[in-house]
Amino acid sequence: MSCRHPLAACAIFAGLLFSDISAFAETSSPENYKVLSTERSGLNLDTVQTFLDKGDDLFLKGDLDKARVEFDKARDVSKQLLSFYRDIGSAFKGMDARIPREMDSNGRKVLGMLAKSNLRLANLFRKKNQPEVAVPLLVEVVRVMTPAKAEGQQAYQALVELGFVNIPYAGGRKNVY
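Each residue of the sequence shown is one higher than the one before, starting from 0 at the first, in numbering that gives the first Met the number 0.
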């Protein structure tokens with residue numbers, strides 16, 4: 000019985016000695032494990048941009064229903080990402096300042112993509128003569144981007160054109176009066 004343990008140890012050692020040691024080494028890049036950073040995953044800005052590009056192509060071809068589906072996908076993924084980045088940033092506030100800063104930076108990028116999605120959807124609804132559906136999207140762009148940004152100005156101008164607001168924004172002009 001006392002011989003049992005040394006024999007087991009020798010058997011394991013012999014198995015390791017004659018096996019392919021490269022099987023224990025990590026040969027693949029760590030980038031292969033970042034599945035969400037690839038365009039195929041669905042949870043990143045590249046995916047949002049892909050949906051926008053597909054929607055643009057369909058819009059230009061006149062297929063407004065399919066374009067709307069792509070723009071809606073871009074909007075949904077943007078909102079999802081924005082929520083996730085905010086939640087992660089909030090969870091790490093006061094613990095590690097780098098993480099909330101990164102999440103805030105990512106959130107600003109996503110807000111830009113959300114604004115683009117909303118502007119495209121609003122344009123689509125205006126083309127379909129459905130301004131009542133476009134207005135909430137345009138108001139959301141003004142709210143999230145502010146009129147100081149180009150997207151916010153574009154959305155506000157569209158609201159003026161629709162007659163939802165009457166006073167044009169003169170922020171881009173030098174002389175207001």
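Ideal Cβ positions, reconstructed from N, Cα and C, are used throughout, including at glycine.
From the DSSP output, in three-state form, read off residue i for me.
i      : result
Phe124 : helix
Asn165 : coil
Leu137 : helix
Gln156 : helix
Gly151 : helix
Pro130 : helix
Thinking residue i and residue j are a contact (beta carbons under 8 Å), I'd like their distance in whole angstroms, please.
i      : j      : result
Ala73  : Phe50  : 4 Å
Val44  : Leu123 : Position check: residue 44 holds Leu in this sequence, whereas Val was assumed. Incorrect: roughly 21 Å between the Cβ atoms, too far for contact.
Leu42  : Val76  : 7 Å
Val134 : Leu158 : 7 Å
Pro146 : Gly170 : 6 Å
Taking the C-alpha atoms as reference points, what is the distance between residue i and residue j?
i      : j      : result
Ser89  : Ala66  : 35 Å
Leu81  : Asp103 : 9 Å
Lys126 : Asp86  : 36 Å
Phe70  : Arg97  : 32 Å
Glu150 : Leu136 : 12 Å
Lys60  : Asp95  : 48 Å
Leu161 : Gly106 : 30 Å
Gly54  : Gln48  : 10 Å
Tyr155 : Pro99  : 31 Å
Lys78  : Val109 : 8 Å
Pro130 : Asn165 : 16 Å
Asp52  : Tyr84  : 24 Å
Thr46  : Gln152 : 26 Å
Asn128 : Glu101 : 41 Å
### Query
Would you call the stretch 109 to 117 and the stretch 140 to 154 in contact, with 3 or more CB pairs under 8 Å?
yes
#### Entry: Completely contained alpha helix (DSSP H) runs for the stretch 42 to 115, where each covers 4 or more residues
44 to 59, 63 to 90
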